[in-house]
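Numbering follows the working numbering, in which position 133 of the sequence shown is assigned residue number 133; successive positions increment by one, without gaps. Here's the structure we're looking at; comments come further down.
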Amino acid sequence: MAHVILGLLLIAPQSFYDLIKGFEAGVALFYSASSGSIRRALDSLLARGAIEVASVEPGGRGRKVYRVTDAGREEFRAWMTGEPTGSDLEAAALSRLFFLGLLEPGERAPVLRRVTARIETDLAALSRLDGHLDATDVAEEHRDIVAHQRAALDYGIASHRFMLDWFRAHADRQERSDR
């Protein structure tokens with residue numbers, strides 16, 4: 001969440017309200033966040049010096065506009081260029097893709113290749129599970145349950161294959177444009 005906020009603030013300094021609208025306008029397509037979680041992430045980023053208050057508008061509400069500090073820029077860059085982690089691979093991959101244009105052109109293809117490697121690792125784990133389940137006997141009373149569980153696994157494998165093909169092709173295009 002914090003890295004997504006850093007990315008939005010690197011595009012332009014924004015208020016809390018602007019950040020909520022930014023999530024709704026694009027980030028929410030792949031990353032869900034409540035206004036409370038955005039507020040907590042903003043407070044955390046402020047506390048560790050990754051962002052600062054750029055201005056406070058006059059008036060009763062005193063709307064604050066936030067901007068990224070040098071420390072926040074480095075944190076964002078380290079996250080973008082680091083290994084995708086966490087259990088939600090799709091959110092990790094799509095959030096990096098969404099903000100890829102904030103990196104220098106030569107840094108983009110390696111980010112896509114790290115995402116691709118993570119997809120390959122997760123797909124291999126799902127495929128091993130699929131193979132293990134193929135060799136497992138299922139009691140008659142559980143076959144209907146297992147059939148739907150296998151369907152969920154098949155969907156996961158298919159979606160990872162699609163994601164892998166898509167990210168490989170996009171990485172190839174990025175590498176060609178970097179030349």
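The C-beta atom is built at its ideal place from N, Cα and C for all residues, glycine as well.
Buried versus exposed, by CB contacts within 10 Å (16 or more), residue i
{"i": "Gly72", "result": "buried"}
{"i": "Leu6", "result": "buried"}
{"i": "Ser32", "result": "exposed"}
{"i": "Val56", "result": "exposed"}
{"i": "Leu29", "result": "exposed"}
Residue from the options with nearest C-alpha to residue i
{"i": "Pro84", "options": "Leu103, Lys64 and Arg114", "result": "Arg114"}
{"i": "Arg168", "options": "Arg150, Ala117 and Asp137", "result": "Ala117"}
{"i": "Ala50", "options": "His3, Ala12, Glu90 and Arg39", "result": "His3"}
{"i": "Glu175", "options": "Ala147, Glu57, Val111 and Ser87", "result": "Val111"}
{"i": "Arg161", "options": "Ala124, Leu129 and Leu133", "result": "Ala124"}
{"i": "Leu89", "options": "Asp70, Leu164 and Asp154", "result": "Leu164"}
{"i": "Phe76", "options": "Leu10, Leu29 and Gly62", "result": "Leu10"}
{"i": "Asp134", "options": "Ile145, Pro105 and Arg150", "result": "Arg150"}
{"i": "Ala25", "options": "Leu8, Arg40, Ser37 and Arg39", "result": "Leu8"}
{"i": "Ala109", "options": "His170, Arg67, Leu102 and Gly131", "result": "His170"}
{"i": "Asp154", "options": "Arg128, Trp166 and Glu140", "result": "Arg128"}
{"i": "Thr121", "options": "Glu104, Ile157, Arg143 and Phe99", "result": "Ile157"}
{"i": "Ser35", "options": "Glu140, Asp130 and Met1", "result": "Met1"}
Simplified DSSP assignment, three categories, for residue i
{"i": "Phe98", "result": "helix"}
{"i": "Thr116", "result": "helix"}
{"i": "Glu104", "result": "coil"}
{"i": "Arg179", "result": "coil"}
{"i": "Val138", "result": "coil"}
{"i": "Met163", "result": "helix"}
(request) Within the region 10-93, note down every full alpha helix (DSSP H) run reaching 4 residues or more, in order along the chain. (result) Listed in chain order, the complete alpha helix (DSSP H) runs (minimum 4 residues) inside the region 10-93 are 16-25, 35-47 and 70-81.
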